[in-house]
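Undergrad: In my numbering, the protein residues as written are 1 to 654. Sharing a structure here in structure tokens format.
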Ligand code: PRX
């Protein structure tokens, strides 16, 4: 659809009511909002009854801002909730995962009974390696069932897992292992990407050179590639796990036992170890999954197309779905592994009923054309979700028409690593949705949009998104850095959680998320800080200074553009610009990850700075996005921006 046609169409059809057939049987009925708002803490306590507690909690919320405890005198085991209880209830033969490999035709089906055996064996193996309650275990794995089993085996023992996205570099892995002092690492020899092996173990070996406290490494054989082996430290999964007893009696842990650590980028170079505890996190991931995805465990096949290396994978592939006892598709590959219609073949083959993905992927699928989804029977789909970044109305409409055949509600869900679970979302049987709007706080959640002074803005106005009351799955802090937790989230607007996002209330009071307002970029739904990339660039011996911005990009939402000054100019160093730029891009990939590689690097003799020496990123963003320049009067040298604009025109893009 052309843009003008889309606009005209949107003008006519601004909102979409839920299909009557879905609304009538939806898990969330309209009374849910009043029930929750009458007493949110009490409502969350009833939601905690979704869990099997060894000691049911008598306490609900203890709130000493910014420190929350939820259900603190309750005890439970996370994996009993995810696995054992479904088997005990006679649902052992139910499929937990249809695992679909990157390579066409390869798949595995894992029932809840099999999952229980696998988790028990893995837990017994971890005990043999020395893992105990309270330890931290780093997991650096591709999207294979053992990744889920590894997470659950840690949780079963009360050890916190710290999953590091397998696309991160050895340096990034090392700093995360060190920061939370992980004594164990679970990994694989490699991953399979579009049919080809992509090694992982070498990055672990390199990382561990600077992690002397790591006692053992457990390695799944996925690719069969030759790997370096450190005797005494390295253990093959198939030799260590498979010989274990498949019985493991789960211990009970306090609700506030740390379940997981997930590193995410903040506004400084050092990622933050966001940690979550057990009872509150499980309560909210389970409740949101039940209501927002309108889960019918008997008939649904749900597919969260995310990687377990990010919070979406944790909350909506592992914990939320497994607590609900559903059947899922778990997919190892890329959207075009085995062909650009791969996703639609998976939906058709497994009769997927609920699909949850990121706008960036929707835009990619959109580019590949509507003939691909049209060529497959997607009639099993009844609900669609999106997460990770603002969704542009055109992508929303495309998703609705071409994937949802105009009769699937779309839930645009806003949340963060820190919030642990979904916070703002439509409810599929209730909300009349608007393309591009996340709409309303989930029941029991209080959010607001405030101005610079922290005052609530009126309808039709924009400002900063804040959360105004504690919620069960809120992060309990930043690992090892309580002061940074206070400074980052609780200092900007006293008494309120500052999310770092801009938002708008429309004339009806519905919420539209507008993206980050701090130095955090969102690249294909991956969160990266400008400072982190600048830090990596400045670490290169030739670089004097770097300024990084996230410029808007049609497919990836934002793309990284870096402005770099060199210690010696390229000519002085006798180097051509193009290879040097490529070297710098590779350098960033090595220090952080290939996902952090700048789309474009501009070598410039100078950067626009204020008289106090601050780099004016706002102006660089204007330049990169071809906008008229804002106020330049505070610059030491206003000609610098025009010079940079000229340099950008000369290229450097790939
Ligand atoms: O800017 C918001 C954006 O993603 C950020 C959180 O990133 P991360 O912690 O990596 O978690 C991503 C998956 C939950 C937020 O601060 N974001 C997430 N969902 C949306 C969104 N922006 C707009 N609309 C959304 N639905």
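Just so you know, even glycine gets a beta-carbon here, dropped at the ideal spot from N, CA and C.
(1) Are residue 38 and residue 474 touching if we call contact CB-CB under 7 Å?
(2) Run the proximity test for residue 416: is its beta-carbon closer than 6 Å to any non-hydrogen atom belonging to ligand 2?
(3) How should residue 567 be labelled, buried or exposed, when 16 other C-beta atoms within 10 angstroms of its C-beta is the threshold for buried?
(4) Let me check understanding here. Comparing Cα to Cα, which of 259, 326 and 166 lies closest to residue 92?
(5) Note down, one range per segment and in chain order, each beta strand (DSSP E) of at least 3 residues found wholly within the stretch 405-465.
(6) Exposed or buried, residue 179, counting other C-beta atoms within 10 Å across all chains shown (16 or more means buried)?
(7) When you compare the CB positions of residue 167 and residue 615, do they come within less than 7 Å of one another, or not?
(8) Enumerate in chain order the residues of its own chain whose CB-to-CB distance from residue 364 is below 7 Å, with the five nearest sequence positions on each side excluded.
(9) Could you compute how far the alpha carbon of residue 159 sits from the alpha carbon of residue 134?
(10) Taking residue 659 as part of the alpha helix (DSSP H), name the residues at either end of that continuous run.
(11) State yes or no: is the C-beta of residue 526 within less than 7 Å of the C-beta of residue 584?
(12) Straight-line CA distance for residue 652 to residue 575?
(13) Kindly indicate which three-state DSSP category residue 148 falls into: helix, strand or coil?
(14) Quick one: what's got a C-beta closer than 6 Å to residue 472's C-beta in the same chain, skipping five residues either side?
(15) Are at least three pairs of beta-carbons, each pair with one atom in the stretch 292-304 and one in the stretch 107-115, less than 8 Å apart?
(16) Can the beta-carbon of residue 219 be found less than 7 Å from the beta-carbon of residue 234?
(17) Assuming residue 190 and residue 222 make a contact with CB atoms under 8 Å, what is their CB distance in whole Å?
(18) Comparing the CB of residue 388 with every heavy atom of ligand 1, is any distance shorter than 6 Å?
(19) Which residue from 329, 19 and 391 puts its Cα closest to that of residue 96?
(20) Quick check on the burial criterion: 16 or more other C-beta atoms within 10 angstroms. Buried or exposed for residue 240?
(21) Compute every distance between the C-beta of residue 438 and the non-hydrogen atoms of ligand 1, then say whether any falls below 6 Å.
(22) Please report the straight-line C-alpha distance between residue 89 and residue 51, rounded to a whole angstrom.
(23) Within a Cβ cutoff of 6 Å, which residues of the same chain sit near residue 397, ignoring the five residues on either side of it in sequence?
(24) Would a C-beta distance cut-off of 7 Å place residue 217 and residue 185 closer than the cut-off?
(25) Give the straight-line distance between the Cα atoms of residue 319 and residue 383, rounded to the nearest whole angstrom.
(26) Going by the beta-carbon positions, is the gap between residue 430 and residue 414 smaller than 7 Å?
(27) I need the DSSP call for residue 547, collapsed to helix, strand or coil.
(28) Report the rounded CA-to-CA distance for residue 698 versus residue 59, giving the unit in angstroms.
(29) Does the pairing of the stretch 534-554 with the stretch 489-509 give three or more beta-carbon distances under 8 Å?
(30) Who are the near neighbours of residue 486 in its chain, counting only those whose CB is closer than 7 Å to its CB and skipping five residues on each side?
(31) Buried or exposed: which applies to residue 654, given that a residue is buried once 16 or more other Cβ atoms fall within 10 Å of its Cβ?
(32) Helix or strand or just coil, what does DSSP make of residue 262?
(33) When you compare the CB positions of residue 147 and residue 308, do they come within less than 7 Å of one another, or not?
(34) Can you name, in chain order, every residue of its own chain whose Cβ lies under 7 Å from the Cβ of residue 468, other than the five neighbours on each side?
(35) Put residue 120 into one of helix, strand or coil per three-state DSSP.
(36) Would you report the Cα separation of residue 579 and residue 503, rounded to the nearest angstrom?
TA: Let's see:
(1) no
(2) Summarising the ligand content, the structure contains ligand 1 and does not contain ligand 2.
(3) exposed
(4) 326
(5) 410-413 and 447-450
(6) buried
(7) no
(8) 335 and 555
(9) 5 Å
(10) Given a span of 1 to 654 for the chain in the structure shown, any question on residue 659 remains unanswerable.
(11) no
(12) Because the pLDDT at residue 652 is just 43, under 50, the model does not fix this residue reliably, and the point stays unresolved.
(13) helix
(14) 44, 70, 280, 283 and 284
(15) no
(16) yes
(17) 6 Å
(18) yes
(19) 329
(20) buried
(21) yes
(22) 14 Å
(23) 435
(24) yes
(25) 20 Å
(26) no
(27) strand
(28) The structure shown does not extend to residue 698, since the chain spans only 1 to 654, so no value can be given for it.
(29) no
(30) 66
(31) Confidence at residue 654 is low in this model, with a pLDDT of 38, below 50, so the placement of that residue is unreliable and no value is reported for it.
(32) strand
(33) yes
(34) 446, 447, 448 and 496
(35) helix
(36) 41 Å
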